[in-house]
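The next block holds one structure in the form of structure tokens; read it before the comments.
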Amino acid sequence: MEIICPICKNKLFKKFNSYYCINNHCFDIAKEGYLNLYLKSAKKSGDEKEMIQAREDFLNKDYYLFLKEELNRILKELKINSLLDLGCGEGYYTSYFNIEEKIGIDLSKEALKKASKKDPKSFYILSSIFNNPIATNSIDAILTCFAPIAYEEINRICKKDGYFILVRPNVKHLYELKEVVYTNPYDNELEEIKLNNFEIINEYSISNHSILDKQDILNLFKMTPYYHKTSMNDMNKLLEVNQLDITFDFIISIYKKS
């Protein structure tokens with residue numbers, strides 16, 4: 312794994328509990344174990360504590376275990392030795408993969424504190440995924456799971472013949488949740504993905520159903536984009552629901568760099 316300085320773009324070297332470049336720019340490893348390479352204050356960056364806690368509580372119930380297992384199967388089939396997880400959050404997916412070299416990047420200190428504590432086998436970095444500190448042409452596979460797509464950085468970092476794996480909500484994902492909250496529930500739209508120097512080699516959907524109790528319903532809603540886009544009146548509708556059978560529907564796209 313080669314990490315580059317976010318200031319001068321030279322290689323970083325570890326010395327004690329810090330990383331240095333030849334120009335003597337220095338970056339510290341936090342006590343929790345992640346490396347802070349973000350040049351601005353991250354106090355208000357990334358997801359807030361409430362969303363992080365809700366996401367962790369929900370994911371710890373393993374409602375998304377079937378997705379995690381499918382991603383692990385894909386990575387084994389592709390014979391991946393190094394993986395970069397862009398927007399890794401608390402490391403729910405990153406920590407599960409049996410890969411020699413794993414790097415997770417996120418812009419939330421609170422999420423990376425949790426990821427680093429529970430997963431010392433992966434290396435977590437506080438940084439923007441759109442200007443990240445991984446060397447060019449150095450990673451076998453890059454994963455983006457429910458995060459924005461950093462098109463230019465994916466193209467730069469991925470090795471030739473390497474892979475980009477994208478996980479997105481499919482059309483019916485969480486439809487029952489939207490039926491409760493919205494007067495006119497709608498299918499999710501699938502944006503067309505155009506990634507320079509990559510060709511799609513496989514794309515398919517996986518889905519599952521689970522019955523959620525009130526707390527899990529609220530946690531799930533808080534970890535979705537709907538949480539910040541929904542009126543208080545509509546959100547309060549969820550408080551009246553004690554149990555809900557919800558569809559989890561994902562589309563997985565696998566691209567190969569040519």
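So that you can map any letter, position 12 of the sequence shown is 323 in the working numbering, and since no number is skipped, the others follow by simple counting. No residue lacks a Cβ here, since even glycine has one placed at the ideal position from N, Cα and C.
According to DSSP, simplified to helix, strand and coil, what is residue i?
i: residue 295; result: Within the shown structure, residues of the chain are numbered from 312 to 569, placing residue 295 beyond reach of any answer.
i: residue 567; result: strand
i: residue 480; result: strand
i: residue 354; result: Interpretation of residue 354 is limited by its pLDDT of 47, a score under 50 that renders its predicted location unreliable; the figure taken from the coordinates is listed afterwards. Here residue 354 sits in coil by DSSP.
i: residue 325; result: strand
i: residue 516; result: strand
i: residue 330; result: strand
i: residue 550; result: helix
i: residue 377; result: helix
i: residue 508; result: coil
i: residue 413; result: strand
i: residue 425; result: helix
i: residue 347; result: strand
i: residue 447; result: coil
i: residue 540; result: coil
i: residue 407; result: helix
i: residue 317; result: coil
i: residue 501; result: coil
i: residue 440; result: coil
i: residue 473; result: strand
i: residue 418; result: coil
Could you please give the first and the last residue of the uninterrupted beta strand (DSSP E) stretch that includes residue i?
i: residue 577; result: One cannot answer for residue 577 here, as it falls past the ends of the chain, which runs 312 to 569.
i: residue 450; result: 450-456
i: residue 338; result: 337-339
i: residue 394; result: 393-397
i: residue 435; result: 434-437
Below 8 Å on the Cβ atoms is my contact criterion, and I expect residue i with residue j to pass it. Report the Cβ-Cβ distance as a whole number of Å.
i: residue 565; j: residue 385; result: 7 Å
i: residue 560; j: residue 431; result: About 33 Å separates the two Cβ atoms, so there is no contact after all.
i: residue 394; j: residue 377; result: Their Cβ separation, rounded to whole angstroms, is 20 Å, which puts residue 394 and residue 377 out of contact at 8 Å.
i: residue 426; j: residue 401; result: 5 Å
i: residue 470; j: residue 322; result: Not really, about 17 Å apart at Cβ, beyond 8 Å.
i: residue 404; j: residue 382; result: 6 Å
i: residue 510; j: residue 562; result: Contact flag wrong, Cβ pair sits at about 17 Å.
Taking residue i as part of the alpha helix (DSSP H), name the residues at either end of that continuous run.
i: residue 430; result: Where residue 430 is concerned, there is no enclosing alpha helix (DSSP H), given that its DSSP letter is neither H nor E.
i: residue 545; result: 543-546
i: residue 368; result: 360-370
i: residue 465; result: 462-468
With a threshold of 7 Å between beta-carbons, can residue i be considered close to chain B, or not?
i: residue 522; result: Within the model displayed, chain B is absent; a lone protein chain is all it includes.
Sorry if obvious, but does the Cβ on residue i come closer than 6 Å to a heavy atom of the ligand NAP?
i: residue 535; result: The model depicted lacks the ligand NAP and carries no ligand whatsoever.
message: Between the region 417-427 and the region 460-477, can you find at least three pairs of beta-carbon atoms closer than 8 Å?
response: no
message: Within 8 Å, do at least three Cβ pairs link the region 512-526 to the region 538-556?
response: yes
field: Any 3 or more C-beta pairs closer than 8 Å across the region 396-410 and the region 442-459
entry: yes
query: Counting pairs of beta carbons, one from the region 452-466 and one from the region 316-333, are three or more of them closer than 8 Å?
result: no
- prompt: Is the region 499-513 in contact with the region 541-549, if contact means three or more CB pairs nearer than 8 Å?
  reply: no
task: Flag this pair as touching only if the region 367-382 and the region 437-444 have three or more C-beta atom pairs under 8 Å; answer yes or no.
output: no
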